[in-house]
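Working notes, structure below.
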Amino acid sequence: MSDTIIDLSELWARALDEMDGAAMTSQQRAFVNLTRPLGLVGDTALLAAPNDFTKDVLETRLRPVVVAALSKTLGREVRIAVTVDPSIAPNLDEDATDELADATYAEPAFDPAEPGAFAGQALSPDFTRPGTGSPDTRSDEGSRLNPKYVFDTFVIGSSNRFAHAAAVAVAEQPAKAYNPLFIYGESGLGKTHLLHAIGHYTRSLYAGARVRYVSSEEFTNEFINSIRDDKAAAFQRRYRDVDVLLVDD
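Here the sequence shown stands for residues 27 to 275, numbered as in my numbering.
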């Protein structure tokens, strides 16, 4: 049995190389990299995912790619069965370099504070997906998103892989996945980058998405001022009318 697992581990590494040539986004590759092989039973490859969302992505959107890569690597048609194993999440990619694990990021031009929380609001009724799925290049000063901070430029390492996957899940399913999502960590580990990337990716997936980025200090000051100036209703409308609220602490 151990030989089968060892062989499958080697085959999985080759399958990952095979998938490098597939037309996948960086987010989809991250989900594949979260997966670990468990064994090979007949023509079924047993795979482990760290959480239910990753399992769902593998079994739906990525199943054809994974099956094709494994089948080509093994030289015969195979199926996949995915199970959830939370224990693999903390120890993902143990061989990642220190540079990846401790990667630092430049601050945005408007110099916000480090993020501490993300809150997703319910999607508006007129939300629709764009036909091509291409990035949304509309100018939206209200969102205040830094154009350099997107998922494609985020450096994934062992220390931030799960946070990256959770951020992608939030962007793909606003108000459903990890609602709200709180990201905590030391300075310079990419929290601000992920926060802005959530906003960019949400707007690229959903036409008409209303995304607002705000610092916690600014949010608190607006709240206090709204009470002082008797404008609580306007404050409520300002934030309740957004689809995705990104609070940077």
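Every residue gets a Cβ at the ideal spot worked out from N, C-alpha and C, and that includes glycine.
Phe177 counts as buried, since no fewer than 16 other beta carbons sit within 10 angstroms of its beta carbon. In this structure, Ile114 lies away from Leu73, with their beta-carbon atoms at least 8 Å apart. Of the residues Asp46, Ser52, Arg40, the one whose Cα lies closest to the Cα of Ala223 is Ser52. Within the stretch 175 to 219, the alpha helix (DSSP H) runs of at least 4 residues that lie entirely inside it are, in chain order, 187 to 198. Membership of Val237 in the beta strand (DSSP E) is indicated by the continuous run 237 to 241.
Listed in chain order, the beta strand (DSSP E) elements of length 3 or more contained wholly in the stretch 34 to 103 are 62 to 67, 70 to 75. Rounded to the nearest angstrom, the gap between the Cα atoms of Val240 and Phe188 is 24 Å. Shown here for Arg89: same chain residues with a beta carbon closer than 8 Å to its own, the five before and five after excluded, namely Ile106 in chain order. By the 16-neighbour rule on beta-carbons within 10 angstroms, Lys81 is buried. Across the set Arg254, Pro76, Arg236, Ile250, the C-alpha of Pro76 shows the shortest separation from the C-alpha of Ala192. Between Asp69 and Val93, the C-beta spacing is not below 8 Å.
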